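K.L.:
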Amino acid sequence: MTNDPSTQTLSIEEEMKGSYLTYAMSVIIQRALPDVRDGLKPSQRRILVAMHDLNLGPRSKHRKCAKIAGDTSGNYHPHGESVIYPTLVRMAQPFNMRQPLVDGQGNFGSIDGDPPAAMRYTEARMTSATLEMLDDIDKNTVDFIPNYDETRSEPTVLPSRFPNLLVNGGQGIAVGMATNFAPHNAREICQGILTVLDNPEVTIPELMEVIPGPDFPTGGLICGRAGIKRAYALGRGVLTLRAKVHTEEEKNHQRLIVTEIPYQVSKSKLASDIADGVKEGRLSGISDVRDESDRTGIRLVIELKRGENDQVVLNQLFKHTGLQSSFGIQAIALVKGRPRTLNLKQLLLAYRDHRREVIRRRALYLLEKAEHKAHILRGLLIALDNIDRVIELIRSSRTVDDARTSLRAEFSLTRIQADAILQMRLQRLTGLEREKIEEDLEKTMAEIAELREILTSEARVIQIIREDVEALIAKYPDPRRSEITDIENEIDVEDLIAEEQMVVTQTQMGYVKRTPLAAYRAQGRGGKGITGGSAREGDFIKSLFVANTLDFVLYFTDRGKVYWLKVYQIPEGSRTSRGRAIVNLLPLEKDERVLSAIQVREFDDRMVMFATRKGYVKKTALNAFSRPKKTGIIAINIFDDDQLVGATLTGAGDDVVLSSANGMAIRFNEEDAREMGRVSRGVKGINLTDGDKVVSMAVVVAEDEGGALLTLCKNGYGKRTLFTEYRRQFRGGKGLKDIQANDRNGPVMTALSVTDNDDLMIMTAGGKLVRISASDIRPIGRNTQGMRLIRLNEGDVVSGAEKVESEDDEDPAGAEGADGAADAAVSDDQEAPPSADESASE
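Positions 532 to 1373 (the working numbering) are the ones given, in order, by the sequence shown.
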């Protein structure tokens, strides 16, 4: 270590901390955050001051932006024209600023995201709003500081008679904080200022009666008022913005017409995102997108395919594109040099306080000027009253200083009055000029009295602010552009939907559709039937039910969530069409799978029974799911190591049968599971042994016990056993032996409730599908090995099974299904006798 006394030993940690804090405060105060008084950042303020220096008023000739940027950089903002010009451009863009501060001439960019022309090609001048911002700046209304090279002075803030911060908003990213103010309607903001002037104790809800919410330059819709209330009360909130869209009817299809888009969304990018969404499969039902916008406004045309539901397509667009976006409000501004988060009332009061200070400083400045003028006029009147003596004294003096001294001594004048007399012209000696001086003095004294009243009377200052604001209301009568919609009170789409019976189908691979019931014509007994759907290879119709267009369909997933769709929201398709992938209709998470679909017209007193892999069951009232949400809700609390097996409706007296992978089954009455809330996990339905898990849940309807439990094992073996073979037990027990899950059979894959009229579709891991009739499987007892239901290829195993309606037409599974059915019909693996252990008492 050196002993040089000029060397200092510093802690690198403390030095870095201090340097970073200095940098952070510099960014916050001198670059990123607007001042609450004029709503401008230093770069914006310096551009406007430079334009004021160039006298570029609203009626002046436009000047090249290169000149404006050059003067700003050379005189006030030494960061180069390349960083000044984009700031100048933004202040001239009507789609970014609610009330532009710069009047641009030339290419200043577009709402499509097109860049502006180079600054040597564009021209600009100030708007009337900017003149309001700069009004009285030369009357000592604000503080001035030396510029960067101390060659001139610049204002620290503008007088800002125009409430720029609230009208135009603004964005900025500082160190550790960011600000984002929403633009508003100038007339509404002025009304809010008047409200604060009338009642400084006004509340936020009362202010919202005159300022209902932001007003964006691009119009559009603001969905709901909750985000507005939060932002106005706390200074932070999130708004949901939507495009304004209407539907036009064509000959054989519909088209969506977008006329207004959310704030800060690029129209061209929006169109390209829609096209990309169609190509990638995220959006469906759209045949074409084209931009027909012109000088009169935006017109983005989205052509729909024939038979598509415009509301369903629109919901997809809202979800996957910029037709719906969020705008986060963070009202952070500099208050006396410190960043603060401000609510709506504090912002209005800050404007009032700033204008009050400006008016008082202007009055003090004008008072000094007026008193100086009155002082001179009094001296002139003294000279006129004694004009002969004044002339004599002046003529007898050798120099100007002698004359000044003589006048001051003779008439008790000040130096200023004496100089004014010496500079007075002879024409002012006339009587008419004397009258003018006396009138001028009288007016000046009245002005002085008024200025003194302003300085001593708070009410007079408030009155002046009021007059200024009322003048702004008359000057900026621009009507509101953004519409605030209360989603709950919007016109219900169902009012436009005709009630009609529909056949709703869902395939194993997750394709759904609705088809008018009339498309399925009545046939005579013994007919061949008609095709119910065209599924891709390896797919088949999993469920089919008839429902009204206004019925709900509740979709329960393996994550324990439930989603809603109205039947009319399911795309309509012909009898032979495949349908639409359900992932395009529901906001499912990655790898989330729909397990059950329940049709509901009314949320009555029925119950929904749930079962999980770990053996838990839960019964929840159906009316607990009566409030749909777009993103779905939790139907049952699923732990990380658990999974939902199924959900079904139950009524009083029904029984529930749970089947496990190890071949156990338990039957208990649904009343044994008490009613629980949505977010609960449930109670034990079956006591599983280590390594066992529940694979299915079946319901035994109280009025009908003629059904049977069809159990299917991994190696293709299974059996059908009447429900009467399963005695009712208490919930939470170990259950009864259902089937022998031994090496031959393998573990149980599923168990289904079937009747003689049902068919069974068996799926294998190798992609094989076999369809057999439940009536071809003769009923046998419990605790048996069962018979072969499907002959598997080497290495193949059963992956699952689904119950389908019995059909008389050809097998949709194809030749594989026919072979499988033959295997079942000629099975050589019949019921095997139980072993001694298996025959033991349970």
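Every residue gets a Cβ at the ideal spot worked out from N, C-alpha and C, and that includes glycine.
Being a predicted model, the structure only gives us computed values, none of them experimental.
Alpha carbon to alpha carbon, how far is Arg1262 from Lys810?
P.N.:
If you take the alpha carbons of Arg1262 and Lys810, they lie about 51 Å apart.
K.L.:
Fully enclosed by the stretch 827-864, which beta strand (DSSP E) runs are 3 residues long or longer?
P.N.:
831-835 and 855-861, all fully within the stretch 827-864.
K.L.:
For Arg821, collect the residues of the same chain with a Cβ closer than 6 Å to its Cβ; drop the 5 residues on either side in sequence, then sort them by chain order.
P.N.:
So the list reads Val832, once near-sequence residues are dropped.
K.L.:
If contacts are defined as beta-carbon pairs under 8 Å, then Leu814 and Gly808 qualify, I think. What distance do you get, rounded to the angstrom?
P.N.:
That belief holds up - the Cβ atoms of Leu814 and Gly808 are roughly 4 Å apart, short of 8 Å.
K.L.:
Could you say if the stretch 575-589 and the stretch 640-648 meet the contact criterion of at least three C-beta pairs nearer than 8 Å?
P.N.:
Cβ pair count under 8 Å is below three, so no.
K.L.:
List the endpoints of the continuous beta strand (DSSP E) containing Phe639.
P.N.:
From DSSP, Phe639 is part of no beta strand (DSSP E); its letter is neither H nor E.
K.L.:
To the nearest whole angstrom, what separates the beta carbons of Arg594 and Arg656, a pair I think is in contact under 8 Å?
P.N.:
With a Cβ gap of about 7 Å, Arg594 and Arg656 count as contacting.
K.L.:
Within a Cβ cutoff of 8 Å, which residues of the same chain sit near Lys598, ignoring the five residues on either side of it in sequence?
P.N.:
Counting only Cβ-Cβ distances below 8 Å, and skipping sequence neighbours, we find Leu585.
K.L.:
By a C-beta neighbour count over all protein chains shown, 10 Å radius and 16 as the cutoff for buried, is Gln1271 buried or exposed?
P.N.:
Gln1271 should be labelled buried.
K.L.:
Give the straight-line distance between the Cα atoms of Tyr551 and Glu545, rounded to the nearest whole angstrom.
P.N.:
Spanning the two alpha carbons is a distance of roughly 10 Å.
K.L.:
Does the separation of the CB atoms of Ile478 and Arg1090 fall below 8 Å?
P.N.:
For residue 478 there is no data in the structure shown, the boundaries of the chain being 532 and 1373.
K.L.:
Under the rule that 16 or more other beta-carbon atoms within 10 Å means buried, what is Thr734, buried or exposed?
P.N.:
Exposed, by the Cβ-count rule.
K.L.:
Would you report the Cα separation of His777 and Val789, rounded to the nearest angstrom?
P.N.:
So the alpha carbons of these two residues sit roughly 7 Å apart.
K.L.:
Report yes or no: do the stretch 908-925 and the stretch 1005-1014 share at least 3 C-beta pairs separated by less than 8 Å?
P.N.:
Judged by Cβ distances under 8 Å, the stretch 908-925 makes no contact with the stretch 1005-1014, as fewer than three pairs qualify.
K.L.:
Output yes or no for whether 8 Å exceeds the beta carbon distance between Phe1134 and Ser1157.
P.N.:
Yes. Within cutoff.
K.L.:
Might you give, ordered along the chain, the residues of its own chain that have their beta carbon closer than 6 Å to the beta carbon of Val1231, omitting 5 neighbours on each side?
P.N.:
Only Asp1186 and Phe1254 meet the Cβ criterion.
K.L.:
From the DSSP secondary-structure annotation, give me the bridge partner or partners of Asp825.
P.N.:
Gly828.
K.L.:
Given that a residue counts as buried once 16 or more other Cβ atoms are within 10 Å of its Cβ, and exposed if not, what is Glu984?
P.N.:
Glu984 should be labelled exposed.
K.L.:
Is the beta carbon of Ile947 sitting closer than 8 Å to the one on His885?
P.N.:
Not a contact, by the Cβ cut-off of 8 Å.
K.L.:
I need the DSSP call for Met628, collapsed to helix, strand or coil.
P.N.:
DSSP places Met628 in coil when its eight states are reduced to three.
K.L.:
Is it the case that the Cβ atoms of Asn1430 and Pro1278 are separated by a distance below 8 Å?
P.N.:
In the structure as shown, the chain starts at 532 and stops at 1373, and residue 1430 therefore has no counterpart that could be examined.
K.L.:
Buried or exposed for Lys485, please, with buried defined as at least 16 other CB atoms from any protein chain shown within 10 angstroms of its CB.
P.N.:
Past the edges of the chain, shown from 532 to 1373, lies residue 485, and the structure says nothing about it.
K.L.:
Look at Leu1243 and Met1280 and say whether their C-beta atoms are less than 8 Å apart.
P.N.:
Taking 8 Å as the Cβ cut-off, Leu1243 and Met1280 qualify as a contacting pair.
K.L.:
Taking just the CA atoms, how far does Arg892 sit from Lys670?
P.N.:
Computed Cα separation, rounded: 8 Å.
K.L.:
Do the CB positions of Leu665 and Pro694 come within less than 8 Å of each other?
P.N.:
Contact flag unset, no.
K.L.:
Please classify Gln948: does DSSP put it in a helix, a strand, or coil?
P.N.:
In the structure shown, Gln948 sits in a helix (DSSP, three-state: H, G or I).
K.L.:
Taking only the alpha-carbon atoms, compute the straight-line gap between Asp999 and Thr872 and give it to the nearest angstrom.
P.N.:
Their Cα atoms are separated by approximately 27 Å.
K.L.:
For Val1357, does the count of other Cβ atoms within 10 angstroms reach 16, so buried, or fall short, so exposed?
P.N.:
Bear in mind that the predicted position of Val1357 carries a pLDDT of just 31, short of 50, making it too unreliable to give a figure here.
K.L.:
I'd like to check one pair, Ala914 with Ile925: are the Cβ atoms closer than 8 Å?
P.N.:
Result no, Cβ atoms of Ile925 and Ala914 do not sit closer than 8 Å.
K.L.:
So what does DSSP say about Glu964, is it helix, strand or coil?
P.N.:
Three-state result, Glu964: helix.
K.L.:
Nearest by alpha-carbon distance to Ser797: which of Gly605, Gly744, Ile1217 and Gln855 is it?
P.N.:
Minimum Cα distance to Ser797 is reached at Gln855.
K.L.:
Assuming Asp729 is part of the alpha helix (DSSP H), what are its boundary residues?
P.N.:
Its alpha helix (DSSP H) spans residues Ala717 to Asp729.
K.L.:
At what residues does the beta strand (DSSP E) containing Gly812 begin and finish?
P.N.:
No beta strand (DSSP E) contains Gly812, which DSSP labels as neither H nor E.
K.L.:
I need the straight-line Cα distance from Gly1247 to Arg1322, nearest angstrom please.
P.N.:
Distance between the alpha carbons of Gly1247 and Arg1322 is about 6 Å.
K.L.:
Are there 16 or more other CB atoms within 10 angstroms of the CB of Arg1309, so buried, or fewer, so exposed?
P.N.:
The residue in question, Arg1309, is exposed, as its Cβ has fewer than 16 Cβ neighbours within 10 Å.
K.L.:
Taking just the CA atoms, how far does Phe675 sit from Asn606?
P.N.:
Cα to Cα, the separation comes out at about 14 Å.
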